[in-house]
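Chemist: So that we are looking at the same thing, I have put the structure below in structure tokens.
Protein chains: 2
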Amino acid sequence: MSHIYAVIMAGGVGSRFWPRSRERSPKQLIEIFGSGTMIQNTVNRIQSLVPAMNTFVVTNRLQEEAIYRQLPFLPKENVLVEPVGRNTAPCIGLAALWVRQIDPDGVMLVLPADHLITKPDEFLRIVQLAAKIAQETESLLTIGIKPTHPETGYGYIQFDDEEHAHNTYHRDGVYRVKTFAEKPNIETAQKFLQSGDFLWNSGMFVWKASSILKEIQVHMPDLHEQLVALEPKLRTPEYSSSLEHVYGIIRSISIDYGIMEKAGNVFVVLGDFGWSDVGSWDEVFRLTNPDQDGNAIKGHALLKDAKANYIDAGSKFVGVIGVEDLIIISTDDAVLICKKGRSQDVKEIVDYLRRKQMNEYL
Amino acid sequence: MSHIYAVIMAGGVGSRFWPRSRERSPKQLIEIFGSGTMIQNTVNRIQSLVPAMNTFVVTNRLQEEAIYRQLPFLPKENVLVEPVGRNTAPCIGLAALWVRQIDPDGVMLVLPADHLITKPDEFLRIVQLAAKIAQETESLLTIGIKPTHPETGYGYIQFDDEEHAHNTYHRDGVYRVKTFAEKPNIETAQKFLQSGDFLWNSGMFVWKASSILKEIQVHMPDLHEQLVALEPKLRTPEYSSSLEHVYGIIRSISIDYGIMEKAGNVFVVLGDFGWSDVGSWDEVFRLTNPDQDGNAIKGHALLKDAKANYIDAGSKFVGVIGVEDLIIISTDDAVLICKKGRSQDVKEIVDYLRRKQMNEYL
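In order, the protein sequences belong to chains C and G. Residue numbers in the first sequence follow this note's numbering, run continuously in steps of one, and reach 362 at the last position. Residue numbers in the second sequence follow this note's numbering, run continuously in steps of one, and reach 362 at the last position.
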């Protein structure tokens, strides 16, 4: 039986969590819930299934050092540093090269570094099921989340509920994928929810490295050509310059758009393990247990006549008097005060800082 | 003609401006409006009338060093350091000793260090008028402010509007004082405002050092006895220990209560020079010119859909989204978010920090 390899995608620049997240410390590298950063929790969550030596992290130069620090037990060569971000298809293709070189039958478990999962045991059960199918077949598997509300911030996956002779895992909640749908508007999201055959697209994938490389060859021949040229350079002194060359040529494209929507053998495994991609401060607030006044407080704060506020004081002391429904984030050099429900606008502050080249706050 | 000496009272601990003000840097030592700290502005305002060598500052040990730094042109011996705070009567008595020793006929201009005056020329005219009367008579003069609204945060002075033969300055707006009134409730404040013969008690006084010491002898004989014992020690090696001894004995009492309410020859000079004692962040907000959205911003901030906020960003960058009527104060180690109209509660945060002995934030 082939081994399982984890590929943690940690390239996001995460401007939605400003001022706590910065270019050098985006969401995956900060501690948002309880203890541990998002990427530490992502790696820990699978450690019973995937040992550190089989765990790869794909990231960029800005975050490389922080990842070595946060995951000191990871072999350094398992941190794959992209010269520039080119979306998920090249990222996954590169990781697949490494996995296939180590283990031609190796199964890749592709996980974003910055998701919250509140039921880790159930998550592991689903992942193991998907890995088993990936080992036995050439299928591409994605994990779809049972939607709980008409979320407009996620993509959706429509599945085929009919039983098919060649799908022996139908009763385990594994279905053939009909379509991938982009982030919907609220009316469409409501229809998706009512239909019962739409799941949230979690961005988590399971497949053999050889399977995904075969699909890349079919659907993204340009990328495949570059990857094939790069393959003999792995673990050689020319690797770094070759990688830079390849990333200078290849197109920026997502695995969903480049492969998943086109390939034929795509299955979704239904998951229900308290998942969130934690896309905004509002989402963090929703996922936090508030006190009796509805306040959720991280760090040192004193509140008087204050209700339903989310406060992350950082290393400061925060005094709050007579306010409601605020998101208050304090860091060493910046402070955010945002009305609840408006945290999608945080990225506009980041855009402003970028335009004004106020790089110290980025 | 005798000289004028300024006595700047700078002993306040100013917890109302937390987190900008701290024990070592209370209101008088911080920059709240435009340029210069409150005490620098207080000294500068009178410099055309009182040279630095005639300007005394009475303060405490915590603030001593900051005062040397902020007023480097002041002779060091002009900074009178009280071992403990004993309210204004001992403070003024001590300063009167020093002034009388230098100039037996010297006139003292007693000024709080932390008031705002927006019409400095008119202020100087009033002060000169009061000083002239003090030079010519044994009167105790206080400066009363024409009230503009029924303020409950100030004490009031009721004056006698009738012309008297011995008051040659009646037409200049100098009146005999009838009574001093404590801070009123709102109904009483409205009556005071309507009556036309109540002024705000500014806490500014003008008199000969010899005059106030004579009144202290009559109305506060205990304090006078201690001051007389201290007098021969001025400028001697025993001064410091004698001062400590005296302050260990004397009672804590205000000049209003100890002298002004009891003395007979008390006059008020009517002033109207854009005065405020700047008692709270709300008052600062009222005294600041807002932009077209009603926001007043000090430092670096970016606002989106935000109205009528007062923001003092300190050395941080502050992002504000979708909020109204907030007072936001950011400092190196603490942040305040306070609903407009609630800033009197800031002192409760300071009380909490004191109870918890969180001295780093005090």
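For every residue, glycine included, the Cβ atom is placed at its ideal position computed from N, Cα and C.
Using a Cβ-Cβ cut-off of 8 Å, state whether residue 75 of chain G counts as contacting chain C.
Modeler: Not flagged as an interface residue toward chain C: residue 75 of chain G, since no C-beta distance is shorter than 8 Å.
Chemist: Per DSSP, what kind of secondary structure is residue 178 of chain C in: helix, strand or coil?
Modeler: strand
Chemist: Any beta carbon from chain G within less than 8 Å of residue 192 of chain C's own beta carbon?
Modeler: no
Chemist: Distance check for residue 224 of chain G and residue 98 of chain G, CA to CA, integer angstroms please.
Modeler: 14 Å
Chemist: Is residue 339 of chain C close to chain G, meaning its C-beta is less than 8 Å from at least one C-beta of that chain?
Modeler: yes
Chemist: Which ranges does the alpha helix (DSSP H) cover as unbroken runs of at least 4 residues, wholly within the segment 62 to 103 of chain C, from first to last along the chain?
Modeler: 88 to 102
Chemist: From residue 76 of chain C to residue 33 of chain G, what does the alpha carbon distance come to, in whole angstroms?
Modeler: A straight-line Cα-Cα distance of about 54 Å links residue 76 of chain C and residue 33 of chain G.
Chemist: Mind pulling the chain C residues with CB within less than 8 Å of residue 296 of chain G?
Modeler: None at all; the shortest Cβ gap to chain C is about 15 Å.
Chemist: Name the two residues that bound the continuous alpha helix (DSSP H) containing residue 221 of chain G.
Modeler: 221 to 230
Chemist: Run through the DSSP bridge pairs and tell me what residue 156 of chain C is partnered with.
Modeler: C:181 and C:200
Chemist: Please classify residue 21 of chain G: does DSSP put it in a helix, a strand, or coil?
Modeler: coil
Chemist: With a 10 Å radius around its C-beta and 16 neighbouring C-beta atoms as the bar for buried, classify residue 104 of chain C as buried or exposed.
Modeler: exposed
Chemist: Cβ of residue 322 of chain C less than 8 Å from any chain G Cβ?
Modeler: yes
Chemist: Give the secondary structure of residue 151 of chain C by DSSP, where H, G and I count as helix, E and B as strand, and everything else as coil.
Modeler: coil
Chemist: Nearest CA to the CA of residue 197 of chain C: which residue from C:228, C:220, C:189 and C:160?
Modeler: If we check each option's Cα against that of residue 197 of chain C, C:160 comes out closest.
Chemist: Quick one: using the 10 Å Cβ neighbour count with 16 as the cut-off for buried, is residue 73 of chain C buried or exposed?
Modeler: exposed
Chemist: Just list the beta strand (DSSP E) runs in the segment 246 to 285 of chain C, keeping only unbroken ones of 3 residues or longer that don't cross its boundaries, in chain order.
Modeler: 266 to 271
Chemist: Where does the unbroken alpha helix (DSSP H) through residue 41 of chain G begin, and where does it stop?
Modeler: 38 to 45
Chemist: Between the C-alpha atoms of residue 149 of chain C and residue 16 of chain C, what's the straight-line distance to the nearest angstrom?
Modeler: 21 Å
Chemist: Is there at least one Cβ from chain G nearer than 8 Å to residue 348 of chain C's Cβ?
Modeler: yes
Chemist: Strictly under 8 Å for the Cβ-Cβ distance: is residue 352 of chain G near chain C by that measure?
Modeler: yes
Chemist: Apply the 10 Å Cβ neighbour rule to residue 201 of chain G and answer buried if 16 or more other Cβ atoms are within range, or exposed otherwise.
Modeler: buried
Chemist: By the criterion of Cβ-Cβ separation under 9 Å, what are the contact partners of residue 279 of chain C in chain G?
Modeler: Within 9 Å Cβ-Cβ: nothing; residue 279 of chain C doesn't reach chain G, min ~16 Å.
Chemist: To which residues does DSSP link residue 300 of chain G through a beta bridge?
Modeler: G:317
Chemist: Kindly indicate the opening and closing residues of the alpha helix (DSSP H) around residue 188 of chain C.
Modeler: 186 to 195
Chemist: Considering residue 5 of chain G, what are the terminal residues of the beta strand (DSSP E) in which it resides?
Modeler: 4 to 9
Chemist: Quick check on the burial criterion: 16 or more other C-beta atoms within 10 angstroms. Buried or exposed for residue 9 of chain C?
Modeler: buried
Chemist: Per the DSSP calculation, residue 33 of chain G is bridged to which residue(s)?
Modeler: BP columns for residue 33 of chain G are empty, so no partner.
Chemist: Which whole-angstrom value is the C-beta distance of residue 322 of chain C and residue 342 of chain G, which I expect to be below 8 Å?
Modeler: 4 Å
Chemist: Quick test of your reading: residue 301 of chain G and residue 318 of chain G, contact by CB under 8 Å. State the CB separation rounded to the nearest angstrom.
Modeler: 4 Å
Chemist: Check each candidate in C:305, C:94, C:268 and C:4 and name the one with the smallest Cα separation from residue 177 of chain C.
Modeler: C:268
Chemist: Are the beta-carbon atoms belonging to residue 88 of chain G and residue 276 of chain G less than 8 Å from one another?
Modeler: no
Chemist: Can you tell me whether residue 140 of chain G is helix, strand or coil according to DSSP?
Modeler: Per DSSP, reduced to three states, the secondary structure at residue 140 of chain G is strand.
Chemist: First and last residue of the alpha helix (DSSP H) that includes residue 339 of chain C?
Modeler: Segment 334 to 339 is the beta strand (DSSP E) holding residue 339 of chain C; no alpha helix (DSSP H) there.
Chemist: Below 8 Å CB to CB, which residues in the same chain sit around residue 213 of chain G once its five sequence neighbours on both sides are set aside?
Modeler: Closer than 8 Å at the Cβ level, and outside the excluded window around residue 213 of chain G, lie 93, 96, 97, 100, 224 and 227.
Chemist: Does the CB of residue 307 of chain C have a neighbour CB from chain G at under 8 Å?
Modeler: No - not a single Cβ of chain G is within 8 Å of the one on residue 307 of chain C.
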